[in-house]
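If you read the sequence shown in the working numbering, its first letter stands for residue 144, the second for the next number, and so on. Positions of the beta carbon are idealized from the N, C-alpha and C atoms, including for glycine. Step one of this worksheet: look at the structure below.
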Amino acid sequence: MLKFIIRRSLIAIPQLFLLSVLIFLLAQAMPGDALSGKFINSPNLDPAYQSELRDKLGLNDPWHEQYVRWIGNLVQGELGMSYVHNVKVETMLESRIANTFWLGLATLILTYLIAVPLGVIAGRLPDTNMDKFIVTYSYVSFSIPIFVFALIMLYIFGFTLDWFPTGGSVDVRTEPGSWDWYVSKLHHLLLPALSSALLATTSTIQYLRNEIIDTKLKDFVKTARAKGTPERKVYTRHIFRNSLLPVAAFLGYDIVYILSGSIFIEQIFSYPGLGQLFVDSIQQRDFAVVNVLVMLFGVLSILGTLLSDIILSIVDPRIRID
144 MLKFIIRRSL IAIPQLFLLS VLIFLLAQAM PGDALSGKFI NSPNLDPAYQ
194 SELRDKLGLN DPWHEQYVRW IGNLVQGELG MSYVHNVKVE TMLESRIANT
244 FWLGLATLIL TYLIAVPLGV IAGRLPDTNM DKFIVTYSYV SFSIPIFVFA
294 LIMLYIFGFT LDWFPTGGSV DVRTEPGSWD WYVSKLHHLL LPALSSALLA
344 TTSTIQYLRN EIIDTKLKDF VKTARAKGTP ERKVYTRHIF RNSLLPVAAF
394 LGYDIVYILS GSIFIEQIFS YPGLGQLFVD SIQQRDFAVV NVLVMLFGVL
444 SILGTLLSDI ILSIVDPRIR ID
């Protein structure tokens with residue numbers, strides 16, 4: 144097991160290196176540089192001063208020298224400077240990353256609270272009206288774009304029914320750290336998390352349903368029933384446990400999907416997280432922040448794949464290659 148984890152972790156190292164090179168080259172190919180957003184906001188700056196500032200910051204150096212400097216700073220935890228806001232990038236991330244984390248965690252929990260029971264019901268009662276309803280729901284949720292569904296949820300539950308706030312992550316009138324502050328954080332979190340979770344259940348429902356239907360026909364299930372094992376234990380100990388393998392395998396991918404989907408969710412619900420920061424930085428041409436966020440999302444994708452492989456190797460040792 145340890146060898147498997149070490150081997151998969153070592154494979155991730157060249158992936159991270161290639162990812163960093165690709166991100167940096169794409170950033171170099173984009174029009175402008177890290178100072179473009181600053182100069183757009185200050186159009187009266189002397190062109191000579193602009194050129195001097197670019198030389199001082201090394202933005203006119205060859206791309207490979209800039210890359211070595213950039214990746215060296217990343218390794219040391221220096222994420223660079225946002226010249227649009229005149230603050231360090233890590234400072235901007237610190238104020239947003241907690242919101243994205245809690246939004247992603249709440250979405251993941253709601254996703255499995257909804258998907259697992261529906262998948263089990265559909266698998267245990269195939270071709271029934273309940274199964275048809277669940278399958279229809281999964282297909283509809285798969286076909287609706289997340290930004291369209293989020294807008295519908297915001298309009299109905301935010302503006303029409305006024306059950307949830309329509310923007311922000313907390314009521315500014317509450318005192319930070321107080322009970323009312325935590326309640327307000329949860330209240331602002333629920334609608335965007337539920338909107339994302341309702342669309343993220345599709346794959347889990349389908350995989351769990353199909354696995355339960357297939358597992359019921361396996362020989363070890365027939366043997367358990369022939370021995371007189373109660374039907375409840377047949378499902379819990381044999382069918383359900385083995386049917387969870389694909390769900391466990393896709394856990395890492397679900398985490399990446401939820402965090403990437405937060406770009407749309409946070410923008411629509413005006414939720415101050417990394418997704419909203421990413422969109423705002425693109426609009427403001429704050430390339431220093433954009434590069435770090437793209438690198439962060441890429442790292443999460445690689446780590447999600449690694450996590451899925453490790454989880455699957457734990458629940459199903461047959462896939463390990465020693």
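Let me check understanding here. Comparing Cα to Cα, which of the options lies closest to residue i?
i, options, result
"residue 388", "352, 242, 215 and 218", "352"
"residue 382", "390, 300 and 361", "361"
"residue 167", "332, 374 and 441", "441"
"residue 354", "269, 195 and 225", "269"
"residue 228", "211, 424, 259 and 363", "424"
"residue 375", "263, 259 and 419", "263"
"residue 297", "372, 271, 418 and 338", "338"
"residue 170", "303, 443, 455 and 429", "429"
"residue 344", "280, 365 and 407", "280"
"residue 261", "149, 274 and 215", "274"
"residue 357", "247, 295, 191 and 386", "386"
"residue 173", "434, 439 and 447", "434"
"residue 384", "370, 215 and 359", "359"
"residue 165", "210, 197 and 217", "210"
"residue 439", "218, 364 and 363", "218"
Let me know the secondary structure DSSP gives residue i once reduced to three states.
i, result
"residue 315", "coil"
"residue 465", "Here the model assigns residue 465 a pLDDT of 48, short of 50, so the residue's position is not dependable, and the following value carries that caveat. Correct three-state label for residue 465: coil."
"residue 173", "coil"
"residue 230", "strand"
"residue 321", "coil"
"residue 284", "helix"
"residue 413", "coil"
Could you pull out every residue in the same chain whose Cβ sits closer than 8 Å to the Cβ of residue i, ignoring the five residues on either side in sequence?
i, result
"residue 415", "238, 239, 242, 311, 312 and 409"
"residue 245", "328 and 332"
"residue 220", "233"
"residue 160", "none"
"residue 309", "297, 301, 302, 412 and 413"
"residue 267", "355 and 378"
Less than 7 Å between C-beta atoms, sequence neighbours within five positions excluded: which residues of the same chain meet that for residue i?
i, result
"residue 452", "151"
"residue 307", "300, 301, 330, 333 and 334"
"residue 342", "284, 287, 289 and 292"
"residue 318", "324"
"residue 294", "411"
"residue 198", "none"
"residue 364", "358, 377, 381 and 382"
Taking 9 Å as the threshold (C-beta atoms), are residue j and residue i in contact?
i, j, result
"residue 445", "residue 162", "yes"
"residue 278", "residue 258", "no"
"residue 225", "residue 432", "yes"
"residue 222", "residue 236", "yes"
"residue 390", "residue 406", "no"
"residue 340", "residue 271", "no"
Counting only C-beta atoms, is residue i closer than 9 Å to chain B at any point?
i, result
"residue 156", "Among the chains in the structure shown there is no chain B, since it carries only a single protein chain."
Looking only at its chain, what residues have a beta carbon closer than 6 Å to the beta carbon of residue i, apart from the 5 residues adjacent to it on each side?
i, result
"residue 367", "377 and 381"
"residue 412", "335"
Can at least three beta-carbon pairs, one atom from the region 149-160 and one from the region 199-206, be found at a separation below 8 Å?
Result no; under three Cβ-Cβ pairs closer than 8 Å.
So does the region 340-355 actually touch the region 267-287, counting three or more Cβ pairs closer than 8 Å?
The region 340-355 makes contact with the region 267-287, as at least three CB pairs between them are under 8 Å.
Please determine if the region 226-236 and the region 314-331 are in contact, where contact requires at least 3 C-beta pairs separated by less than 8 Å.
Because the criterion of three Cβ pairs below 8 Å is not met, the region 226-236 and the region 314-331 do not touch.
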